[in-house]
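Q: Numbering (the numbering used here), first residue to last: 0 to 423.
Sending over a structure as structure tokens; questions will come in a sec.
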């Protein structure tokens with residue numbers, strides 16, 4: 000009995016800033032504004048679709064309402080999700096009183112902004128699509144250092160200040176896909192309320208990573224996590240060797256539950272987004288979110304996740320550690336990123352996802368520039384070989400990356416993506 004009380008007291012101390020409400024959903028506070036957001040957020044990038052590729056609105060609306068009725072109050076979308084149809088769908092789906100039950104978030108498509116005027120035009124168009132007069136949470140989407148510098152030069156600070164002043168934006172934030180140093184610089188560049196980062200047990204040292212997570216939290220930013228399952232790969236394409244490790248646990252969970260619980264274990268995290276399009280996934284995620292307490296993992300559980308992460312690392316094809324000693328490449332190849340994406344291909348076996356990611360990152364889609372950093376840009380000068388602590392034959396490996404991730408139709412894929420993502 001004494002032991003039980005001690006455990007309970009320790010738990011209460013850890014959970015002082017986290018409140019459990021009706022229907023068991025757990026809520027975490029945004030430090031700067033006090034908003035209590037559901038630990039689970041509903042991402043609207045992967046809604047159920049019909050055979051023709053359009054959103055299955057009846058089913059998607061039912062799923063969305065079910066999640067909201069069970070405590071989810073943070074809904075995330077963006078300009079280009081579902082080829083521009085996600086925002087209009089949400090405008091319709093949140094009618095009949097559901098808009099008032101949630102905090103709605105969408106994003107400025109930074110890569111198509113070419114002037115200060117564009118920012119206002121895009122925001123106003125989004126408000127119209129979403130059938131609302133304000134955005135509770137508005138993000139500058141897909142920032143890297145270069146994109147932030149471009150937006151800053153166009154007057155994004157003035158845009159955010161005025162949109163907040165006139166009530167169109169309540170809380171300003173940004174989503175991020177670059178290196179940690181750029182992340183810290185952007186965090187310090189504006190009085191943001193929140194940010195959104197990719198974070199999971201495989202990405203502690205990628206993009207913003209754990210270092211960025213802790214840094215943003217130290218600045219009192221709310222932190223929204225995207226890709227907790229790495230595009231579903233940590234849940235749907237689990238190698239047998241990894242399943243065997245998960246099965247060692249004394250308390251059994253699905254791979255998806257383990258991955259989500261690991262993210263929620265971090266007290267710095269406010270909301271974890273999940274792109275849910277199956278009723279069973281919504282049920283499972285709601286059930287898991289109901290127990291999403293921070294600092295609740297035992298040492299045994301932490302070690303189990305670390306063991307899984309190490310097993311995934313053993314499955315990689317290229318032994319690159321991401322040290323970046325090879326950079327900068329005189330031919331402009333982004334060597335570590337090329338290797339990271341190719342390793343993901345071999346870890347998870349999803350060729351379509353890997354090629355999409357490669358085209359997005361290297362094809363200049365996010366930055367609205369010409370393709371840069373491609374493996375095929377290598378001229379085999381050999382400078383990188385001399386610098387690599389792992390003694391990798393980098394030019395030979397880049398040839399393989401180009402074959403696997405570019406291919407004969409690469410330019411066509413870039414053109415199609417550019418058309419889809421640059422659509423106004």
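Just so it is clear, CB atoms sit at the ideal spot from N, CA and C, and this is done for glycine as well.
Please go through the same chain and pick out, in chain order, the residues whose beta-carbon is closer than 8 Å to the beta-carbon of residue 64, but skip the five residues on each side of it.
A: Hits under 8 Å: 92 and 97.
Q: Below 9 Å between beta carbons: does that hold for residue 426 and residue 133?
A: Outside the displayed span of the chain (0 to 423) sits residue 426, for which this structure offers no information.
Q: Using DSSP with H/G/I as helix, E/B as strand and the rest coil, what is residue 194?
A: Strand.
Q: Taking 8 Å as the threshold, find out whether the segment 286-295 comes into contact with the segment 250-261 through three or more Cβ pairs.
A: yes
Q: Indicate whether residue 105 and residue 129 have their beta-carbon atoms separated by less than 9 Å.
A: yes
Q: Which whole runs of the alpha helix (DSSP H) in the segment 298-359 are 4 residues long or more, in chain order?
A: 298-313 and 334-347
Q: Over what stretch of residues does the alpha helix (DSSP H) that includes residue 104 continue unbroken?
A: Element bounds for residue 104: not the alpha helix (DSSP H) but the beta strand (DSSP E), 102-107.
Q: Between which residues of its own chain and residue 208 is the CB-CB distance below 7 Å, once the five residues before and five after are set aside?
A: 179 and 202
Q: Do you know how far the Cα of residue 171 is from the Cα of residue 161?
A: 11 Å
Q: Hey, is the segment 407-421 in contact with the segment 377-396, meaning 3+ C-beta pairs nearer than 8 Å?
A: A contact is defined here as three or more CB-CB pairs under 8 Å, and the segment 407-421 fails this definition with respect to the segment 377-396.
Q: Whose CA, out of 82, 224, 274 and 155, lies closest to the CA of residue 198?
A: 224
Q: For residue 138, list the residues DSSP reports as bridge partners.
A: Paired residue(s): 106 and 172.
Q: Return the first residue and the last residue of the beta strand (DSSP E) that residue 221 is part of.
A: 221-225
Q: Any idea if residue 346 is buried or exposed, counting beta-carbon neighbours within 10 angstroms, 16 or more meaning buried?
A: buried
Q: On the DSSP letters alone, give me the boundaries of the alpha helix (DSSP H) that residue 158 sits inside.
A: 155-164
Q: Under 8 Å from any heavy atom of the ligand ATP, does the C-beta of residue 243 make it?
A: The model depicted lacks the ligand ATP and carries no ligand whatsoever.
Q: Compare the beta carbon distance of residue 373 and residue 384 with 9 Å and say whether it is the shorter of the two.
A: Cβ distance not < 9 Å, so residue 373 and residue 384 don't count as in contact.
Q: Using C-beta distances below 7 Å, list every residue in its chain close to residue 144, excluding the 5 sequence neighbours before and after it, in chain order.
A: 177, 181 and 184
Q: Taking the alpha-carbon of residue 154 as reference, which of 114, 124, 359 and 123 has the nearest alpha-carbon?
A: The candidate whose alpha carbon is nearest that of residue 154 is 114.
Q: In chain order, what residues of the same chain lie with their CB nearer than 7 Å to the CB of residue 424, ignoring the 5 residues before and after it?
A: With the chain covering 0 to 423 only, the question about residue 424 has no answer from this structure.
Q: Straight-line CA distance for residue 280 to residue 152?
A: Spanning the two alpha carbons is a distance of roughly 42 Å.
Q: So what's residue 29 in DSSP terms, helix, strand or just coil?
A: coil
Q: According to DSSP, simplified to helix, strand and coil, what is residue 35?
A: strand
Q: Tell me, which residues are paired with residue 75 by DSSP?
A: 42 and 104
Q: If I measure Cβ to Cβ from residue 375 and keep anything under 7 Å in the same chain, skipping five residues before and after, which residues do I get?
A: 401 and 405
Q: Expressed to the nearest angstrom, what Euclidean distance is found between the alpha-carbon atoms of residue 84 and residue 187?
A: 34 Å
Q: Can you tell which of 403, 312 and 362 has its C-alpha closest to the C-alpha of residue 415?
A: 362
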